[in-house]
Amino acid sequence: MTEADPNLMYFTPETEPTAPAREVMMELRDVSKAFGEGEKRMVVLEGFNATFEKGQVTSIMGGSGSGKSTVLKHMIGAYKPDTGRIFVDGEDITDFNQKQMDSVRKKFGFMFQSGALFQSMSVEDNVALPLREHTDLNENTIKIMVKLKLEMVGLRGCEHLKPAQLSGGMIKRIALARAIALDPKIVFYDEPSAGLDPISIGVIDKLIVDLTKKMGITSVVVTHELPSAMRISDKIIMLFKGKIIFEGSPEEIRKSDDPRVVQFINGSPDGPIPFSKSQVDLGEELKQMKFL
């Protein structure tokens, strides 16, 4: 048996190697929001806690009225929370005024559900709009930037077209090109695949994932489309009555035994998420109105 060479160095890790921590680009910390006063007061968001990481796609899901849009409006600064804090790129923006928020929003890109293209403007001018509004780039540079963004969504060569000449899927892709025109750190997608055919949905899904990974974007997707969310998401957050009832990977949500999550995934009309909005028996309500 030979002795170990004392000149050789051996390294035995004390713990298992861990993956490097991801960079958090946005955080909502214990955010709550209510509207109305007294008996009419309605809590629409309660104790919302979530982080959104660089190079990751996070989908926010839930039924109608679950609080998805309220979360999104807080993230873009359209709403101020009643309680809680909001951080963007490590900076607390909760109490920012409008001028300060305008500066923060330069880090944002937004893809609207309808596309929200200006019908009187060409594709080139639609995509160039944020570049002209928020930079001092000359026109030649702007045209080059527009071509680069259109190339990324597969629509270079459509610069001269008007929105009326485009299909629904093309409109969404042009809207995406405009959303990334300023190379944002965070892109928000509001129902990006709504109203599209299956092939167009697949194209949009692929673009969201590819651009997120290649550009290191933090992508936040608000959607009802479960198949899309399963394909594109690194993390899914599900809301019910303004509260998070699930947070995890697509694989984890498939295994969830929460009856509300199961009902949503299966699309069942029966379950803890009620079909009827009213919680008052119809007969009792009519009696109170003296009809019965």
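Using this note's numbering, read the sequence shown as starting at 215 and increasing by one per residue.
Note that CB positions come from ideal geometry on N, CA and C, so glycine has one too.
Check your understanding: Curious, which full-length alpha helix (DSSP H) runs of at least 4 residues does the region 286-362 contain?
Key -> Within the region 286-362, the complete alpha helix (DSSP H) segments of 4 residues or longer fall at 312-318 and 337-348, listed in chain order.
**Study point:** Three-state class that DSSP yields for residue 272 in the structure shown
**Key:** strand
Check your understanding: So, using beta-carbon positions, are residue 260 and residue 456 closer together than 7 Å?
Key -> yes
Review point. DSSP beta-bridge partners for residue 267?
Key: Under DSSP, the beta-bridge partners assigned to residue 267 are 238.
Review point. Does DSSP classify residue 250 as helix, strand or coil?
Key: coil
Check your understanding: Terminal residues of the continuous beta strand (DSSP E) containing residue 394?
Key -> Note, residue 394: premise wrong, no beta strand (DSSP E); not H, not E.
Check your understanding: In whole angstroms, what separates the C-alpha of residue 469 from that of residue 444?
Key -> 13 Å
Review point. Who are the Cβ neighbours of residue 348 in its own chain at under 8 Å, not counting the five residues just before and after it?
Key: 320 and 396
Point to revise | Paired residues, beta bridge with residue 373 - DSSP | key: Under the DSSP definition of a beta bridge, residue 373 lacks any partner.
Exercise for review: Check the DSSP bridge columns for residue 256 and list the partner residues they point to.
Suggested key: 249
Check your understanding: Once you ignore the five residues that flank residue 332 on each side, which residues in its own chain have a CB closer than 8 Å to its CB?
Key -> 339, 340, 343 and 377
Review point. Below 8 Å, can you find three or more Cβ-Cβ pairs linking the region 299-307 to the region 477-485?
Key: no
**Study point:** From 337, 283 and 350, residue whose alpha carbon lies closest to that of residue 371
**Key:** Closest option to residue 371, Cα to Cα, is 337.
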